[in-house]
Amino acid sequence: DCKDGFYEAEFGPDRRVIAFQNLGIQCVRRREVKEAIVQRITRGINPFNVPREQLLQTEEYDLNVVRLCIQVFLQDKNGHYTRVLNPIVTNPIYDNRAPNTAELRICRVNRNSGSVKGGDEIFLLCDKVQKDDIEVRFFSTDGWEARGAFSQADVHRQVAIVFKTPEYYTTTITESVTVHMQLRRPSDQEVSEPMDFRYLPDDKDPYGYNEKKTKRKYLMMTSGLTGGSFANLMMNRSRAAPHASLQKDTSSMYMRQNTPTMQQQPSTFNRSYQTSTQTGMTPQAHNLPVNSSWVNPNQVVSMDMVTVNPSGDMSGRPSGGRQQQPNC
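Numbering (this note's numbering), first residue to last: 108 to 435.
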């Protein structure tokens with residue numbers, strides 16, 4: 108029943124309500140918008156009497172949102188529709204396929220709690236959004252409001268946002284505080300349904316060192332190790348040496364090493380020895396005569412004392428070119 112973008116219907120005492128079932132909106136290509144406007148002007152469809160020149164400025168049209176205009180004509184005494192009522196329009200109808208006008212919706216988040224100091228990284232899945240026209244809003248019922256930190260590069264394919272949580276206005280809370288988190292489009296202030304987010308108190312001992320220390324003191328007190336000889340007992344722990352101190356010095360690796368002298372030897376082997384008549388003597392042998400001159404027990408063998416077998420019999424002799432020495 109709808110032709111060329113408009114629909115006409117009659118109603119009276121028997122039909123006071125007109126309902127549109129399964130109403131759809133047909134999209135027009137941008138290059139065909141001017142032609143469609145000219146057809147409306149030709150048919151006299153201009154309820155707000157907009158000038159023709161202004162209607163033909165199609166470059167300023169937003170093709171992702173429309174309004175339905177409804178105008179009522181009443182009959183006069185002669186049965187002609189000459190009495191015209193003021194036109195009314197509906198609320199904006201947005202194209203759900205366009206990210207800059209679609210309804211905002213948070214599909215899923217990887218976590219819904221974080222530190223009261225902020226800085227926690229959150230992955231948020233959503234319907235299509237514009238990376239330059241979207242923000243993550245945190246707010247509470249007492250008037251506090253902040254935004255998640257992210258850049259346009261953190262918006263992945265218009266359906267995922269990676270951001271960091273903002274810091275809560277007070278970081279001295281002792282128990283968790285529940286606030287709200289939602290998407291907001293700054294261009295039209297459209298927002299999504301909020302979801303809860305919990306701020307957790309700041310943990311000053313994330314690795315539990317203080318708790319372990321308290322447990323150790325309690326165990327020592329209950330076991331009786333805090334008094335007597337254990338009062339000053341200290342637990343020595345091995346400490347990790349810095350990596351720089353463990354690096355090997357290769358500056359003099361390939362330099363020639365001089366032969367160590369007696370002064371360079373360790374103190375254990377660098378003792379000054381003096382000739383003494385008491386060296387090697389026990390207290391029981393101090394009356395024995397000692398000769399200060401040293402005698403070599405092995406006599407020197409000269410070549411005159413060596414005899415050669417003229418027969419040349421080599422039997423019983425060891426092989427080789429060495430000469431046999433006489434038995435002394």
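For glycine and all other residues, C-beta sits at the position ideal for the given N, C-alpha and C.
No experiment lies behind these values; they were computed from the predicted model shown.
Inter-residue Cα distance where the pair is residue i and residue j
| i | j | result |
| --- | --- | --- |
| Asp261 | Met327 | 53 Å |
| Asp169 | Gln182 | 36 Å |
| Tyr201 | Val284 | 36 Å |
| Glu318 | Val266 | 43 Å |
| Glu297 | Leu211 | 7 Å |
| Leu88 | Gln128 | An answer regarding residue 88 cannot be provided, because it is not within the stretch 108 to 435 covered by the chain. |
| Phe118 | Leu175 | 19 Å |
| Leu290 | Pro301 | 8 Å |
| Asn171 | Arg138 | 15 Å |
| Cys214 | Gln133 | 29 Å |
| Thr248 | Met288 | 12 Å |
Nonlocal neighbours in the same chain, by C-beta distance under 6 Å from residue i, ignoring five residues either side
| i | result |
| --- | --- |
| Ala143 | Val135 |
| Gln237 | Pro206, Asn207 |
| Ala253 | Phe245, Pro273 |
CB contact flag (residue i, residue j, <8 Å)
| i | j | result |
| --- | --- | --- |
| Leu130 | Gly221 | no |
| Phe304 | Val286 | yes |
| Ile148 | Phe113 | no |
| Phe270 | Leu231 | yes |
| Asp227 | Pro293 | no |
Cβ shell of residue i (< 7 Å), same chain only, five flanking positions each side left out
| i | result |
| --- | --- |
| Tyr276 | Trp251 |
| Val124 | none |
| Lys224 | Glu274, Thr278, Asp309 |
| Ala116 | Ile125 |
| Gly428 | For Gly428, the pLDDT reaches just 49, beneath the cut-off of 50, and the residue's location in the model is therefore unreliable, leaving the point undetermined. |
Exposure of residue i, with buried meaning 16 or more beta-carbon neighbours within 10 Å
| i | result |
| --- | --- |
| Cys233 | buried |
| Lys110 | exposed |
| Ser437 | Outside the displayed range of the chain (108 to 435) lies residue 437, so it cannot be described from this structure. |
| Gly186 | exposed |
Sequence-distant residues of its chain with Cβ nearer than 8 Å to residue i (five each side left out)
| i | result |
| --- | --- |
| Ile177 | Pro194, Ile195, Val196, Thr197 |
| Thr386 | Low confidence applies here, because Thr386 scores a pLDDT of 48, under 50, leaving its location unreliable and the question unanswered by this model. |
| Thr281 | Pro308 |
| Arg218 | Asp227, Ile229 |
| Tyr188 | Phe180, Leu181, Gln182 |
| Glu167 | none |
Segment limits, beta strand (DSSP E) that includes residue i
| i | result |
| --- | --- |
| Glu228 | 228 to 233 |
| Thr285 | 284 to 292 |
| Lys271 | 267 to 271 |
Residue interval of the alpha helix (DSSP H) (run including residue i)
| i | result |
| --- | --- |
| Glu160 | 159 to 162 |
| Val223 | Where Val223 is concerned, there is no enclosing alpha helix (DSSP H), given that its DSSP letter is neither H nor E. |
| Ala143 | 140 to 149 |
Residue i CB to nearest heavy atom of the ligand SAH below 7 Å
| i | result |
| --- | --- |
| Val124 | Annotation note on the ligand SAH: not contained in the displayed structure, which lists no ligands. |
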